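Take a look at the structure set out below.
There are 4 protein chains.
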Amino acid sequence: MLFFECDYAEGAHPAVLERLCATNMEQTEGYGTDPYCRQAGNLIRTLCASDGAVHFLIGGTQVNTAIIAAALRPHQGVLCAGSGHINVHETGGVEASGHKVLPLPGHDGKITAAQIARACDAHRADASREHLVQPGMVYLSQPTEYGTLYSLDELRRISETCRVHGLWLYVDGARMSYGLAAAGNDVTLPDLARLCDAFTLGGTKTGALFGEALVITAPALQNDFRYIMKQRGAMLAKGRLLGLQFLALLEDGLWLRIAAHANTQALRIAGAFRRKGCPLCYPSPTNQQFLILTPQQAGALTAHCHFSRWSELPDGRLVTRFCTSWATRTEHVDALIGHIEAL
Amino acid sequence: MLFFECDYAEGAHPAVLERLCATNMEQTEGYGTDPYCRQAGNLIRTLCASDGAVHFLIGGTQVNTAIIAAALRPHQGVLCAGSGHINVHETGGVEASGHKVLPLPGHDGKITAAQIARACDAHRADASREHLVQPGMVYLSQPTEYGTLYSLDELRRISETCRVHGLWLYVDGARMSYGLAAAGNDVTLPDLARLCDAFTLGGTKTGALFGEALVITAPALQNDFRYIMKQRGAMLAKGRLLGLQFLALLEDGLWLRIAAHANTQALRIAGAFRRKGCPLCYPSPTNQQFLILTPQQAGALTAHCHFSRWSELPDGRLVTRFCTSWATRTEHVDALIGHIEAL
Amino acid sequence: MLFFECDYAEGAHPAVLERLCATNMEQTEGYGTDPYCRQAGNLIRTLCASDGAVHFLIGGTQVNTAIIAAALRPHQGVLCAGSGHINVHETGGVEASGHKVLPLPGHDGKITAAQIARACDAHRADASREHLVQPGMVYLSQPTEYGTLYSLDELRRISETCRVHGLWLYVDGARMSYGLAAAGNDVTLPDLARLCDAFTLGGTKTGALFGEALVITAPALQNDFRYIMKQRGAMLAKGRLLGLQFLALLEDGLWLRIAAHANTQALRIAGAFRRKGCPLCYPSPTNQQFLILTPQQAGALTAHCHFSRWSELPDGRLVTRFCTSWATRTEHVDALIGHIEAL
Amino acid sequence: MLFFECDYAEGAHPAVLERLCATNMEQTEGYGTDPYCRQAGNLIRTLCASDGAVHFLIGGTQVNTAIIAAALRPHQGVLCAGSGHINVHETGGVEASGHKVLPLPGHDGKITAAQIARACDAHRADASREHLVQPGMVYLSQPTEYGTLYSLDELRRISETCRVHGLWLYVDGARMSYGLAAAGNDVTLPDLARLCDAFTLGGTKTGALFGEALVITAPALQNDFRYIMKQRGAMLAKGRLLGLQFLALLEDGLWLRIAAHANTQALRIAGAFRRKGCPLCYPSPTNQQFLILTPQQAGALTAHCHFSRWSELPDGRLVTRFCTSWATRTEHVDALIGHIEAL
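Okay, here's the thing in structure tokens:
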């Protein structure tokens with residue numbers, strides 16, 4: 005059985021695990037104050053050309069809700085695409101922290117500077133605005149939940165708009181490595197550090213056992229963030245496990261190499277489907293590919309392969325997701341392509 | 005200047021104020037445990053043919069957020085029309101209590117039993133449902149924010165759907181009197197008591213200085229509700245002020261008589277606009293009428309009259325609201341109609 | 005039956021009610037944006053010699069939880085005396101907003117600058133401080149829950165300590181009038197405005213139907229406070245009712261005159277008890293007097309008079325509270341004194 | 005340098021790490037729905053002689069706040085010893101979920117059934133109880149934060165009291181293994197399952213990289229708990245990492261063997277101090293020993309050894325903690341004892 009359902013089916017990349025094993029019996033301080041976390045933080049600052057604060061948290065929902073709770077005042081909400089992870093797939097974690105998610109209609113999972121500006125202008129122009137949730141932050145994901153990417157130009161405009169309207173800009177990079185490694189991507193880590201107030205580099209979906217690195221560039225958001233981590237159960241006792249994993253991934257570019265591999269395999273799969281006439285939903289250059297399949301096609305592939313069924317179209321066809329990862333083997337993709345060609 | 009902007013521009017109906025003055029120097033227990041609150045509660049139970057619990061709170065946002073917080077578990081949200089007051093005009097009060105509002109596309113401000121069932125079925129069918137907010141309650145407003153009414157048949161189906169799917173059904177009756185008194189309405193208070201788990205009878209917008217009566221028919225929601233009121237600052241120290249006002253409004257049907265007057269005047273206004281060819285947005289038989297006016301028409305009326313500008317249509321025309329109340333004088337409506345005819 | 009149980013047993017002072025009746029049929033904007041609220045705000049600013057923001061809320065729990073939620077970041081808590089209203093009698097309203105109350109042992113209901121400094125120093129010195137709630141605000145009540153008063157010197161030291169340690173200073177003045185009018189009080193409204201970041205002038209317990217005026221002097225706390233009021237159901241639709249009442253109370257010093265009357269009567273009661281040998285618990289110069297009575301004494305008085313039983317001492321004696329108000333009649337106090345003398 | 009500062013300075017027990025490495029490249033479902041979590045859950049149910057629900061979470065603060073949020077209604081709080089971890093060392097995580105911690109004075113870190121009963125009786129007897137936070141749960145830690153243990157008899161009485169008063173009983177077992185393995189302990193896992201509504205078996209402090217197993221025996225608390233985990237960022241994407249670690253620890257009793265070793269070493273240290281005349285603070289039979297040292301003694305040991313300084317006594321002496329773990333080497337304890345003897 006082939007597995008293209010998600011990018012977190014295996015454990016860690018062997019290099020990551022090796023690092024954990026090699027240091028296992030060392031004694032360090034807890035809670036992320038150890039030398040490995042310091043080293044990993046320094047490395048990330050170097051890669052980002054930033055002197056921001058770097059924190060290591062365990063998972064994406066945790067880091068999203070923590071930074072949003074840290075940034076917003078009680079009456080503020082967070083603008084995002086309707087398909088944004090915080091709006092859909094975090095069981096209302098943001099609302100559980102007291103804040104409304106303010107979804108905007110996305111296009112290919114993305115929103116635009118113009119939409120954000122319009123939302124802020126409309127808020128300010130409303131005589132009843134004190135009865136409305138005030139936009140206080142913009143949440144983007146890069147790559148988006150649909151695998152697409154913001155261009156540097158798009159991101160720059162959004163950043164400017166946020167600064168004009170007094171909004172924090174936060175980018176969820178749960179799959180950032182796949183974005184950085186994607187063909188055509190022109191957004192670098194220093195760009196993110198310059199344009200955003202906070203962003204993450206995801207480990208869980210690119211070879212770590214778990215872990216997200218949060219870079220906070222805005223001084224006001226840096227202040228006391230570790231208290232908020234602890235309050236929310238987001239401070240790992242043996243925090244060095246996070247630092248060590250990011251060191252293994254980032255020190256020699258492993259993170260990007262394995263992401264590039266996953267992207268290549270994903271595009272091979274997409275190509276096979278396209279040749280077969282199956283439409284792609286979104287122009288994704290990264291490791292997630294969304295395909296429209298007939299029930300017959302989906303059924304035939306199910307016999308050989310795990311993939312996600314995302315939703316059903318009114319005409320009965322299915323939106324499906326095929327996902328590769330650092331662990332995807334080329335020969336497995338070959339096999340999948342064979343099955344696609346046989347549809 | 006004529007005033008049709010809202011239904012809470014004046015103080016209280018004279019009969020209400022008189023009751024407050026007559027009892028002013030009496031000494032009673034505080035916090036709603038006094039004889040007047042008891043009497044008013046009994047009267048409401050009689051009118052509703054229900055043995056439910058009755059509580060008196062000060063305002064609508066307070067009562068909505070309190071009953072929702074009391075009813076839902078942390079991972080649950082509340083389904084409502086996109087135009088629902090809790091989704092739009094309470095500064096995220098529900099989210100501040102930790103719960104996501106789950107808006108459904110409304111039609112004339114209403115949602116249907118079928119929509120609710122579909123939302124619940126979709127939730128249950130989603131393999132990732134634990135990552136989604138679970139529907140736990142349905143919020144309706146009767147009349148809706150657009151002045152429209154649920155029919156008994158519609159309400160009955162919604163109630164059945166809620167029971168099938170394990171959802172609480174709560175009806176926000178901030179303008180309930182106008183609904184009960186409306187031509188064509190077939191939903192009575194005993195219907196509400198039978199079909200809903202909780203609902204309110206609004207005082208603020210029908211002649212009280214302030215105050216909403218909350219009827220809780222579901223025993224599980226009755227339990228300890230006064231603690232939750234107090235926690236949220238919703239327990240008035242001199243609670244009898246609420247009981248007294250509801251007694252004055254409800255004892256001899258004053259509440260319905262003044263609402264009927266307001267409805268009549270509202271329909272006179274709507275008729276004048278219709279005769280002039282100005283389209284009505286919604287089929288409202290109650291005291292709020294939403295009209296589409298050209299900027300010229302709106303401008304001309306602005307010279308004589310306060311009304312609300314709700315939104316702007318893509319073609320530049322304006323959605324406006326004209327609102328009557330218990331205090332609206334017939335001669336003022338005559339004057340407004342004169343201005344409409346002169347457009 | 006005589007009534008000394010609390011200071012909110014009656015409705016409003018006649019002058020207050022008269023003002024509401026006189027303006028009842030006027031039409032004004034809602035939500036506190038009307039001319040009466042503006043006037044009352046200006047008057048309060050004048051009395052306080054401050055250009056702070058003034059907001060009118062309905063009750064004490066509401067105003068306490070709203071200003072605390074507005075001021076604190078998620079990981080911060082509020083220092084107060086263990087007997088502080090927010091710690092004891094608000095059903096955990098502060099915690100429901102996400103913040104821990106950090107009680108310090110009080111003396112006569114008060115805490116000291118030294119205690120506050122020690123708490124902050126201890127926090128900062130703790131290597132695990134990120135695992136502790138960070139003090140972010142000090143809550144005082146003036147008069148305290150026990151009727152006692154902070155002197156100007158005490159308040160000044162607390163204010164300095166708060167500024168040194170970066171804490172907001174908030175004073176709950178639910179019974180402020182009684183404090184201002186008390187013999188020996190040396191804290192004025194301009195002192196409060198100069199020394200605190202926010203404080204309230206209570207109406208409910210001094211002649212209003214309801215209402216607390218919140219003065220916010222710290223610019224950072226002024227920002228967007230009305231959004232937070234609305235979110236918490238603390239923005240009264242017919243907001244002018246609050247402005248009108250405060251105008252009636254404050255315009256010609258009525259507020260202080262009636263408080264002085266209540267204080268005088270309270271001290272007469274305390275004197276009678278003292279002559280009888282019943283110990284006073286606290287040195288209160290205001291309208292609340294706490295007496296230690298034997299069960300026999302308490303029982304004898306219960307036949308004639310309502311008062312509060314606060315707690316029971318290990319030796320079986322009772323701590324009781326006798327409370328006067330603007331509405332307390334001298335002849336009723338005479339009668340009570342007669343009963344005390346007959347004990 | 006010797007390390008006795010905490011029990012989470014190393015990584016994982018080699019057997020745990022080996023298990024993770026051996027299964028690293030397997031593909032499983034995410035979020036704890038994999039076969040390893042199922043197996044580990046079954047094993048725990050067998051060990052507990054219970055058919056309760058078993059969930060695996062990452063850390064202690066997370067599991068404490070999640071189960072408390074899942075169990076309490078908005079107006080309820082949780083009773084615990086003043087020294088309880090949730091009251092002191094979780095940065096107000098419980099309050100951030102909206103609930104007040106209700107501390108009772110502990111004795112050796114423990115509270116009694118009688119104290120709990122008194123708190124509930126006092127609440128119920130208070131005429132103003134609706135203004136107070138209602139006790140809804142009892143939180144114990146076993147072993148306590150001071151290393152002490154509840155006896156079966158004490159636990160049974162607390163359990164009965166909780167049932168009589170309608171309180172949930174939750175036991176935080178972050179160091180449960182050390183308790184189970186302690187000399188004189190008479191509380192077994194089946195006892196906990198029978199007497200509590202929920203309890204945890206801690207992994208982080210006994211040989212896991214991280215992880216707490218939560219056993220929920222009360223059906224009402226089992227319902228939808230995974231939603232609440234996800235909402236709070238407590239559902240690990242690669243959930244099998246938790247199941248695998250608990251299998252490694254529990255399958256053949258490793259967990260208890262390594263805890264017994266740690267206890268033995270801790271008691272050797274305590275014995276050395278006692279022989280030297282240094283008083284023990286608490287009668288701890290587990291891996292944490294609290295000693296009172298003079299500043300000179302503490303200073304002398306600091307040259308050789310890491311340990312925790314807990315607090316300072318009024319006479320200047322220090323309360324210190326020496327902590328052993330599965331990883332503590334006998335020869336390191338020999339060395340420490342040598343240093344103690346040389347004091």
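Residue numbers (our numbering), protein chains in the order written: chain A, 5 to 347; chain B, 5 to 347; chain C, 5 to 347; chain D, 5 to 347.
All C-beta atoms in this analysis are idealised placements derived from N, C-alpha and C, irrespective of residue type, glycine included.
Computed from a predicted structure; not experimentally measured.
1. Please classify R128(B) as buried or exposed, where buried requires at least 16 neighbouring CB atoms within 10 angstroms.
2. Using alpha carbons as the reference points, say which of F7(B), L47(B), T32(B), G15(B) lies closest to V219(B).
3. Look at the alpha carbon of T290(B) and the alpha carbon of H265(B), and state the distance between them as a whole number of angstroms.
4. List in chain order: all unbroken alpha helix (DSSP H) runs of 4+ residues lying wholly within the segment 38 to 72 of chain A.
5. Taking C-beta pairs closer than 8 Å, name the residues in chain B that E30(C) reaches, listed in chain order.
6. Relative to the C-alpha of L251(B), which residue among D319(B), A16(B), R23(B), L108(B) is closest?
7. Could you confirm whether any beta carbon from chain C is found closer than 9 Å to the beta carbon of E134(A)?
8. Tell me, please, whether the CB atom of T95(D) is closer than 9 Å to any CB atom in chain C?
9. Decide if R279(A) is buried, meaning its Cβ has at least 16 other Cβ atoms within 10 Å, or exposed.
10. Using a Cβ cut-off of 9 Å (strictly closer), state whether G247(C) contacts chain D.
11. Closest to R77(A) by CA distance: which of R230(C), Y35(C), F277(C), R261(C) is it?
12. In terms of alpha-carbon separation, which member of L213(B), S181(B), R49(B) lies closest to E14(B)?
13. Once you ignore the five residues that flank G102(B) on each side, which residues in its own chain have a CB closer than 7 Å to its CB?
14. Taking Cβ-Cβ distances shorter than 9 Å, what residues in chain B pair up with T152(C)?
15. With DSSP run on the structure shown, which of helix, strand or coil describes S315(D)?
16. Using the beta-carbon count (16 or more within 10 Å), is P223(D) buried or exposed?
17. Do G177(B) and L205(B) have their C-beta atoms closer together than 9 Å?
18. To the nearest angstrom, report how far apart M180(A) and L173(D) are at their CA atoms.
19. Answer yes or no: does any C-beta atom of chain B fall closer than 9 Å to that of K242(A)?
20. Could one say the Cβ of R104(C) lies closer than 9 Å to chain B's Cβ atoms, at least one of them?
21. From the beta carbon of A118(A), is the nearest beta carbon of chain D less than 9 Å away?
22. With H, G and I counted as helix, E and B as strand and the rest as coil, what does DSSP make of A331(A)?
23. Would you kindly check if the distance between the Cβ of L51(D) and the Cβ of L193(D) is under 9 Å?
24. Helix, strand or coil for S132(D), going by three-state DSSP, please let me know.
25. Do you know how far the Cα of A74(A) is from the Cα of D55(A)?
26. Excluding the 5 residues preceding and the 5 following A16(C) in the sequence, name in chain order all residues of the same chain whose CB lies nearer than 8 Å to its CB.
27. Less than 8 Å between the CB atoms is what I'm expecting for I344(B) and F277(B), so what's the real figure, rounded?
28. Specify whether the segment 124 to 139 of chain D and the segment 80 to 93 of chain C touch according to this definition: at least 3 beta carbon pairs, one from each stretch, less than 8 Å apart.
29. What is the residue span of the beta strand (DSSP E) that G170(A) lies within?
30. Please go through the segment 181 to 262 of chain A and give each complete alpha helix (DSSP H) segment of 4 or more residues, from N-terminal end onward.
31. From which residue to which residue does the beta strand (DSSP E) around C84(D) run?
32. Taking a cut of 7 Å between CB atoms, which residues from the segment 227 to 240 of chain B lie near chain D?
33. What does DSSP give as the partner residue(s) for I296(D) in the beta ladder?
34. CB-CB under 7 Å to R161(C), same chain, minus the five flanking residues each way: which ones, in chain order?
35. For L153(C), does the three-state DSSP call read helix, strand or coil?
36. Relative to the alpha-carbon of A85(B), which residue among H111(B), K104(B), I72(B) has its alpha-carbon at the smallest distance?
In brief:
1. Within the second sequence, numbered from 1, the residue matching residue 128(B) stands at position 124. When all chains shown are included, R128(B) counts as exposed.
2. Along the second sequence, one-based indexing puts residue 219(B) at 215. It is L47(B).
3. In the second sequence, the residue the question calls residue 290(B) occupies position 286. In the second sequence, the residue the question calls residue 265(B) occupies position 261. Their backbone Cα atoms lie some 10 Å apart in a straight line.
4. If only uninterrupted alpha helix (DSSP H) runs of at least 4 residues are considered, those enclosed by the segment 38 to 72 of chain A are 39 to 52.
5. In the third sequence, the residue the question calls residue 30(C) occupies position 26. Chain B residues near E30(C): E14, G15.
6. Taking the second sequence and counting its residues from 1, one reaches residue 251(B) at position 247. Minimum Cα distance to L251(B) is reached at R23(B).
7. Stepping through the first sequence from its first residue, residue 134(A) is reached at position 130. It does; some Cβ of chain C falls within 9 Å.
8. Here residue 95(D) refers to the residue found at position 91 when the fourth sequence is read from its first residue. Yes, its Cβ sits closer than 9 Å to a Cβ of chain C.
9. Taking the first residue of the first sequence as position 1, residue 279(A) is located at position 275. Exposed is the call here.
10. In the third sequence, counting from the first residue as 1, residue 247(C) sits at position 243. Not one chain D Cβ lies under 9 Å of G247(C).
11. The residue labelled residue 77(A) in the question sits at position 73 within the first sequence. Among R230(C), Y35(C), F277(C), R261(C), the Cα nearest to that of R77(A) belongs to R230(C).
12. For this step, residue 14(B) is matched to residue 10 along the second sequence. Measuring from the Cα of E14(B), the nearest candidate turns out to be L213(B).
13. By one-based count along the second sequence, residue 102(B) stands at place 98. Sequence-distant partners of G102(B) (beyond 5 residues in either direction) whose C-beta falls short of 7 Å from its own C-beta, in its chain, are P78.
14. As a working note, residue 152(C) is residue 148 in the third sequence. Neighbours of T152(C) across chain B, judged by C-beta separation under 9 Å, do not exist; the nearest C-beta is about 22 Å away.
15. Start at 1 with the first residue of the fourth sequence, and residue 315(D) comes out as number 311. In the structure shown, S315(D) sits in a strand (DSSP, three-state: E or B).
16. In the fourth sequence, counting from the first residue as 1, residue 223(D) sits at position 219. That one is exposed.
17. Here residue 177(B) corresponds to residue number 173 of the second sequence, with the count starting at 1. Here residue 205(B) corresponds to residue number 201 of the second sequence, with the count starting at 1. The answer is yes: Cβ separation under 9 Å.
18. The count along the first sequence starts at 1 and reaches residue 180(A) at position 176. The count along the fourth sequence starts at 1 and reaches residue 173(D) at position 169. C-alpha separation (whole angstroms): 43 Å.
19. The count along the first sequence starts at 1 and reaches residue 242(A) at position 238. Taking Cβ atoms only, chain B never reaches closer than 9 Å to K242(A), which makes this a no.
20. Stepping through the third sequence from its first residue, residue 104(C) is reached at position 100. Looking at the sequence itself, residue 104(C) is Lys, so the reference to Arg does not match. So no, K104(C) is outside the interface.
21. For the purposes of this step, residue 118(A) is identified with residue 114 of the first sequence, where counting begins at 1. It does not: the Cβ of A118(A) has no partner Cβ on chain D nearer than 9 Å.
22. What you label residue 331(A) is simply residue 327 of the first sequence in a count that begins at 1. Coil, per DSSP.
23. For the purposes of this step, residue 193(D) is identified with residue 189 of the fourth sequence, where counting begins at 1. For the purposes of this step, residue 51(D) is identified with residue 47 of the fourth sequence, where counting begins at 1. A contact, by the Cβ cut-off of 9 Å.
24. Along the fourth sequence, read from residue 1 onward, the residue named residue 132(D) stands at position 128. Three-state DSSP puts S132(D) in coil, outside helix and strand.
25. Numbered from 1 along the first sequence, position 51 holds the residue referred to as residue 55(A). Numbered from 1 along the first sequence, position 70 holds the residue referred to as residue 74(A). Approximately 20 Å, taken between the alpha carbons.
26. Start at 1 with the first residue of the third sequence, and residue 16(C) comes out as number 12. Closer than 8 Å at Cβ, skipping near neighbours: L24, G211, A212, L213, Q249.
27. One-based indexing of the second sequence puts residue 344(B) at position 340. One-based indexing of the second sequence puts residue 277(B) at position 273. The Cβ separation is near 6 Å, so the contact holds.
28. Output reads yes: the segment 80 to 93 of chain C touches the segment 124 to 139 of chain D.
29. The residue labelled residue 170(A) in the question sits at position 166 within the first sequence. Element bounds for G170(A): n/a, residue is neither H nor E.
30. If we require 4 residues or more, the alpha helix (DSSP H) runs fully inside the segment 181 to 262 of chain A come out as 193 to 199, 223 to 226, 229 to 235, 244 to 254.
31. Taking the first residue of the fourth sequence as position 1, residue 84(D) is located at position 80. Per DSSP, C84(D) belongs to the beta strand (DSSP E) from 80 to 85.
32. D228, R230, Y231, I232, K234, Q235
33. Position 292 of the fourth sequence, counting from 1, holds the residue named residue 296(D). The partner list for I296(D) (beta bridge, DSSP) reads V323(D).
34. Position 157 of the third sequence, counting from 1, holds the residue named residue 161(C). For R161(C), where only same-chain residues beyond five positions count, the Cβ hits under 7 Å are A117.
35. Your numbering for residue 153(C) matches position 149 in the third sequence. Coil, per DSSP.
36. Start at 1 with the first residue of the second sequence, and residue 85(B) comes out as number 81. Of the listed residues, the one whose Cα sits closest to A85(B) is H111(B).
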